[in-house]
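Line by line, the protein sequences are chains A and B. For the first sequence, this note's numbering gives the first residue as 27, with consecutive numbering after it. For the second sequence, this note's numbering gives the first residue as 9, with consecutive numbering after it. Even glycine gets a Cβ: it sits at the ideal position worked out from N, Cα and C.
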Amino acid sequence: MARYLRYLVPLAIFALLVAFLYRGLSLDPKLVPSPLVGKPMPTFTLTRLDNPDVTISDADFKGKVTLLNVWATWCVSCRREHETLVQLAKTGQVDIYGLNYKDNREEANRWLAKLGNPYVANAFDSDGRVGIDWGVYGAPETFIIDREGIIRHKHIGPLTIEIINDEILPLVDKLKS
Amino acid sequence: MNAMKPLIPLILLLLVIASPPLPAAVTLESFTFPSKAEEQHFKDVIGQLRCLVCQNETLADSDADLAHDLRAEVYEMMKSGKSDQEVIDFLVNRYGDFVLYNPPVKPSTYLIWYGPFVLLAIAALLLIRAVGRQRQVREPEISAEERKRLEKLLGDDAGKGKQG
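Okay, here's the thing in structure tokens:
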């Protein structure tokens, strides 16, 4: 047995190393887990994107399961994601709110007019202060918020149909029930 | 002088290689500080924090848009008298431990903090075992007859002491 050990131990170490490296291939260092998941959403009061005279705040989210999607017109992946959001909104399964992050009000409204508006309402965060409170570091980002206003999930990067069907909607259904 | 000519490009190249790196093109916006010490303090704090956009840069070095915003945020907080810990907590609460270049010791980071010592201990154990085993290797046993033959073969050499 001892004789085999001298071959088996290096082999086992090698296999472990391969397993770790293989796992590393599918990990994205850009995805930083948010400490906000499981915590109440940060409070904010901002003007609405479509109307600078009307405000929108975290209180508007209470009592229903919602998505908060962080986007901007300068964000290339947001453009890719937008069509998916429009489709999701059409199903009527969940209310999508938007946080328009460090953007230009006119351009953002033009974008929605042209590409369709999946949002119930958009908060206009021109200086990105609210974005910092939400730990935003790269649009697009999407938060799932439950009825009590607790953040239940954060998705970093553009949503796709697969992600919506596999991650987002199952969790939304669970939170609704 | 003409003999030098072919060397000129080489000399220039060496100069470029040998010249000290340019000071990091910073970025300390237009922050004003009442004293040099406070400026240094600010730089120390942002130098400990990681930028989430360019993940291998500190908040002090990064030119990412978010880094500008966060520097401004840290500047405002420090100006309003917040302690270093309050500033760091502010960022950790929003972005997680990832913003710290110096991760805190807690169960999920035990491996990075203590892993190297565990490996060192395992290596030391293996070394001790290997050395111990080597000591145990005894001289092969030989019979009296063989010993006689051996001494005969060695002949005078055996008498010369330890040289052989």
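Cβ of V61 (chain B) within 7 Å of Cβ of V82 (chain B)?
no
Given this structure, state the Cα-to-Cα distance separating N148 (chain A) from P124 (chain B), to the nearest angstrom.
49 Å
Return the bridge partner residues of P66 (chain A) from the DSSP annotation.
A:I176
Using 10 angstroms around the beta-carbon of V96 (chain A), count the other beta-carbons present and answer buried if the total reaches 16, otherwise exposed.
buried
Can you name, in chain order, every residue of its own chain whose Cβ lies under 8 Å from the Cβ of P184 (chain A), other than the five neighbours on each side?
Within its own chain, the residues whose Cβ lies closer than 8 Å to the Cβ of P184 (chain A), once the five positions on either side in sequence are excluded, are S103, C104, R106, E107, T110, P166, listed in chain order.
Please report the residue range of the beta strand (DSSP E) in which T81 (chain A) lies.
For T81 (chain A), the enclosing beta strand (DSSP E) has its first and last residue at 77 to 83.
Using alpha carbons as the reference points, say which of A:G50, A:L138, A:G161, A:P59 lies closest to T99 (chain A).
A:L138
State yes or no: is the beta carbon of V58 (chain A) nearer than 7 Å to at least one beta carbon in chain B?
yes
For the alpha helix (DSSP H) containing G104 (chain B), list its first residue and its last residue.
No alpha helix (DSSP H) holds G104 (chain B); DSSP gives it neither H nor E.
By the criterion of Cβ-Cβ separation under 8 Å, what are the contact partners of Q63 (chain B) in chain A?
P55, K56
Mapping the DSSP letters down to three states, classify F180 (chain B) as helix, strand or coil.
Examination of residue 180 (chain B) is not possible in this model, given that chain B is present from 9 through 172 alone.
Using the C-alpha atoms, what's the distance from V63 (chain A) back to V44 (chain A)?
Straight-line measurement puts the Cα of V63 (chain A) at about 32 Å from the Cα of V44 (chain A).
Kindly identify the DSSP beta-bridge partner or partners of W97 (chain A).
A:N126
Report the residues of the stretch 150 to 170 of chain A with a CB closer than 7 Å to any CB of chain B, ordered along the chain.
G154, I158, D159, G161, Y163, G164
Can you name, in chain order, every residue of its own chain whose Cβ lies under 7 Å from the Cβ of Q119 (chain A), other than the five neighbours on each side?
L195, V198
For P184 (chain A), would you say it is in contact with chain B, using Cβ-to-Cβ distances shorter than 7 Å as the test?
no
Which residue marks the beginning of the beta strand (DSSP E) containing A45 (chain B), and which one marks its end?
Unbroken run through A45 (chain B) is the alpha helix (DSSP H), 44 to 55; no beta strand (DSSP E).
Taking all protein chains shown into account, decide if H181 (chain A) is buried (16 or more other Cβ within 10 angstroms of its Cβ) or exposed.
buried
Could you give the DSSP three-state label for D151 (chain A): helix, strand or coil?
Note: D151 (chain A) maps to strand in three-state DSSP.
Please list, in chain order, the chain A residues whose beta carbon lies closer than 7 Å to that of G123 (chain B).
Simply none; closest approach about 12 Å.
So does the stretch 95 to 108 of chain B actually touch the stretch 47 to 61 of chain A, counting three or more Cβ pairs closer than 8 Å?
yes
Does the CB of P66 (chain A) have a neighbour CB from chain B at under 7 Å?
no
For F87 (chain A), does the three-state DSSP call read helix, strand or coil?
Reduced to three states, the DSSP call for F87 (chain A) is helix.
With DSSP run on the structure shown, which of helix, strand or coil describes D199 (chain A)?
The three-state reading of DSSP puts D199 (chain A) in helix, counting H, G and I together.
Any C-beta of chain A within less than 7 Å: which residues of the stretch 102 to 127 of chain B qualify?
R102, Y103, G104, F106
Can a CB atom of chain A be found closer than 7 Å to the CB of L135 (chain B)?
no
Using beta-carbon positions only, say whether L74 (chain B) and I54 (chain B) come within less than 7 Å of one another.
no
Is DSSP giving D54 (chain A) helix, strand or coil here?
D54 (chain A): coil per DSSP, three-state reduction.
Decide if L93 (chain A) is buried, meaning its Cβ has at least 16 other Cβ atoms within 10 Å, or exposed.
Answer is buried; the Cβ neighbour count reaches 16.
At 9 Å on the CB atoms, spell out the chain A contacts of D77 (chain B), in chain order.
K128, D153, G154, R155, G157, I158
What is the DSSP secondary structure of F39 (chain B), reduced to helix, strand or coil?
coil
So what does L72 (chain A) bridge to, in DSSP terms?
A:I82
With which residues is F25 (chain A) paired in a DSSP beta bridge?
Chain A is shown from 27 up to 203; residue 25 (chain A) falls before or after that span and cannot be answered.
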